[in-house]
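To start, the structure under review is shown below, and the notes come after it.
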Amino acid sequence: MNAPASQGTLMGKGLSTLWAPFSPINRINPYPMYRSLRELDPVHQLKTGDWVVSRYADVCTVLMDKRIDVIDMPSYFRDKTLTVNDTAIEMYPTYQASYNWLLYLRRPMHGRTREMVMKIWPSLNFAECVQAVLAELTAEMARKTAIDLIDDFAKPLPVRVISRLMGFPDSHIEQLKHWGERLATVFEPMLTQTEMVEINQAASDFLVFIDDCLTAHEQKPVDTMIGKLLAQRSADGQPMDRDDLISLIANLFVAGEETTRNLIGNGFAALTAYPDQYELLRNQPELLKPAVEEMLRYDSPVQITSRIALEDVEISGQTIRAGEQIYVCLGSANRDERQFEAADRLEITRVKNKHLAFGYGSHFCLGANLARMQAMQAFPVLIQQFPDLRADLSKAVQRKNLLLRGFGTLPTVRV
Ligand code: HEM
Numbered sequence: 068m069n070a071p072a073s074q075g076t077l078m079g080k081g082l083s084t085l086w087a088p089f090s091p092i093n094r095i096n097p098y099p100m101y102r103s104l105r106e107l108d109p110v111h112q113l114k115t116g117d118w119v120v121s122r123y124a125d126v127c128t129v130l131m132d133k134r135i136d137v138i139d140m141p142s143y144f145r146d147k148t149l150t151v152n153d154t155a156i157e158m159y160p161t162y163q164a165s166y167n168w169l170l171y172l173r174r175p176m177h178g179r180t181r182e183m184v185m186k187i188w189p190s191l192n193f194a195e196c197v198q199a200v201l202a203e204l205t206a207e208m209a210r211k212t213a214i215d216l217i218d219d220f221a222k223p224l225p226v227r228v229i230s231r232l233m234g235f236p237d238s239h240i241e242q243l244k245h246w247g248e249r250l251a252t253v254f255e256p257m258l259t260q261t262e263m264v265e266i267n268q269a270a271s272d273f274l275v276f277i278d279d280c281l282t283a284h285e286q287k288p289v290d291t292m293i294g295k296l297l298a299q300r301s302a303d304g305q306p307m308d309r310d311d312l313i314s315l316i317a318n319l320f321v322a323g324e325e326t327t328r329n330l331i332g333n334g335f336a337a338l339t340a341y342p343d344q345y346e347l348l349r350n351q352p353e354l355l356k357p358a359v360e361e362m363l364r365y366d367s368p369v370q371i372t373s374r375i376a377l378e379d380v381e382i383s384g385q386t387i388r389a390g391e392q393i394y395v396c397l398g399s400a401n402r403d404e405r406q407f408e409a410a411d412r413l414e415i416t417r418v419k420n421k422h423l424a425f426g427y428g429s430h431f432c433l434g435a436n437l438a439r440m441q442a443m444q445a446f447p448v449l450i451q452q453f454p455d456l457r458a459d460l461s462k463a464v465q466r467k468n469l470l471l472r473g474f475g476t477l478p479t480v481r482v
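In this note's numbering, the protein residues as written are 68 to 482.
Structural data, given as structure tokens:
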């Protein structure tokens, strides 16, 4: 049951400690905070006027309601200038790299752009590419004495996969890793000035790089994601502007990196924390599919997304006014006991698992099939080729992001 409206409002204003995502404890483990929110004030208003929605049913409602839409985050950077050591730094490159990201586009541009990508998506050979990258990574890991699951496996996997699918040259992998990592955090709240400048520099360099790749593809067409996007752009009645295409390519590259890394890192850590589930998966490889879905639910790579109310909307007895922003807690919805039995436990045999790790509604993750494929190939490789490898949870370090949840380092031990 939701709290009555009046009580909810009071709690929203009074109990600001309910929402403390930046506290060191909650950064490491936000799940007790989410539980309190779900129990005490599931549609919670912050002193800023923003809202936090934490229950599964309410999260679905928010993501489906046409009176609630995505927020044009990139525009924040369009005219922004930072002053660092008396030097003015224009943040325009950050805007230019991100303004055409699907997640920040509204109708009708969203539909048009998404359709263009959907048309080329099925023709990309994901499976073969993932298999080849995994073979390289496992050969590299076999030569190492100490393995960090993030640096040696979860991080390079999606970078190499998406780079190759795109048609980016392998020579730039290290730079691509750097640019992807910086840009993945561009819409994290509470960035420092130094972080923003680093992101801006990464955006600027990445834009030049993509532009060069487009030129190379135009001169010598190749059957890659970029080649197909270029062909699709020409085939379309209303061809996409070059700058729009560059920003879209940046989107497809950035969106799938840290997210997929977090799925593999968080999933491996969870299997280590639940040795019975690890053994079950090892003994019954046919459980792989539900196991990956359970990893997505149990410790979701994307914890929070946001929306804005376009009109006044009532959600479970609370009125969210037009213009107010909403933090939509996917990570909390996926632990809601109203939807999932024993929600705080990893159970790879879970049958009813309609998790929201890839979102819900019109902005549902476009790369879900690619992410699932990487995980479905990666875990058997880890289990079969490195059967004694486990995460050293005592030395694991969480990244300090709020929206994306994952490890910065995940050292391993041999058991
Ligand atoms: C485990 C890995 C991944 C997770 C957990 C994940 C999660 C999500 C979520 C939650 C959303 C929706 C956010 C919202 O509605 O506010 C989303 C959207 C999106 N994702 Fe993913 N993602 C993953 C991998 C990928 C990959 C591999 C790609 C592409 C290469 C990708 C591309 C996108 C795009 C383009 C959108 C925006 C779709 C739209 O607005 O229409 N994602 N993702």
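Beta carbons are placed, not taken as given, at the ideal position from N, Cα and C, and that holds for glycine.
Query                                                                                           : Result
Local Cβ density within 10 Å of K462, reported as buried at 16 or more and exposed below that   : exposed
Status (buried if at least 16 other CB within 10 Å, exposed otherwise) for K211                 : exposed
Cβ neighbour criterion (16 or more within 10 Å) applied to N350                                 : exposed
Closest residue to I156 among F193, F254 and I266 (Cα-Cα distance)                              : I266
I229: CB within 7 Å of a non-hydrogen atom of ligand 1                                          : yes
D219 (DSSP reduced to helix, strand or coil)                                                    : helix
Extent of the continuous beta strand (DSSP E) run through T570                                  : Any property of residue 570 remains undetermined from this structure, which presents the chain solely from 68 to 482.
Alpha-carbon to alpha-carbon, P368 and L224                                                     : 16 Å
Element boundaries [beta strand (DSSP E), containing L456]                                      : L456 to A458
Integer-rounded CB distance, given that V253 should sit under 8 Å from L433                     : Going by Cβ atoms, the distance from L433 to V253 rounds to 18 Å, so no, they are not a contact pair.
Short Cβ contact (8 Å threshold) for Y159 with D403                                             : no
Status (buried if at least 16 other CB within 10 Å, exposed otherwise) for F89                  : exposed
Spatially closest choice to L423 from Y162, L104 and V129, by CA coordinates                    : V129
Burial state of P109, where buried means 16 or more other Cβ atoms lie within 10 Å              : buried
beta-carbon V369 near ligand 1 non-hydrogen atom, thresh 7 Å                                    : yes
With 16 other Cβ atoms within 10 Å as the buried cut-off, status of I387                        : buried
Sequence-distant residues of its chain with Cβ nearer than 8 Å to G81 (five each side left out) : Caution is warranted here: a pLDDT of 39 is assigned to G81, below 50, making its placement in the model unreliable, and the coordinate value is therefore given only provisionally. Closer than 8 Å at the Cβ level, and outside the excluded window around G81, lies no residue.
Nearest-angstrom Cβ-Cβ length linking M440 and L355, presumed shorter than 8 Å                  : 12 Å between Cβ atoms; not a contact.
Cβ shell of L77 (< 7 Å), same chain only, five flanking positions each side left out            : Note on L77: pLDDT 33, under 50, position unreliable in the model; the coordinate value appears next. Hits under 7 Å: none found.
Neighbour-count burial assignment, P97, 16 or more Cβ in a 10 Å radius                          : buried
Straight-line Cα distance separating D278 from V289                                             : 15 Å
Backbone CA spacing between A298 and V119 [nearest angstrom]                                    : 42 Å
7 Å CB neighbourhood of G323 in its chain, flanking five on each side removed                   : P225, I229, G434, L437 and A438
DSSP three-state assignment for Y101, whether helix, strand or coil                             : helix
Sub-8 Å separation of V249 and I240 beta-carbons                                                : The displayed chain sequence assigns Arg, not Val, to residue 249. Not closer than 8 Å, so no.
Separation of E255 from Y171, as counted between CA atoms                                       : 14 Å
Any non-hydrogen atom of ligand 1 within 7 Å of R472 CB                                         : no
8 Å Cβ shell around Q198 - same chain, five flanking residues per side excluded                 : Q444
Closer than 7 Å: F425 CB and nearest ligand 1 heavy atom                                        : yes
Helix, strand or coil at N468 [DSSP, three-state]                                               : coil
Exposed unless 16 or more other CB atoms sit within 10 angstroms - verdict on A202              : exposed
I375 vs G398 beta-carbon contact at 8 Å                                                         : no
For E361 and E413, believed in contact at Cβ under 8 Å, the rounded distance                    : According to the sequence shown, residue 413 is Leu rather than Glu. L413 to E361, Cβ: 6 Å. Contact.
Beta-carbon proximity list for P447, same chain, < 8 Å, skipping 5 on both sides                : P352 and L355
As assigned by DSSP and simplified to three states, the class of R181                           : helix
Between the CA atoms of E106 and D218 - distance to the nearest angstrom                        : 38 Å
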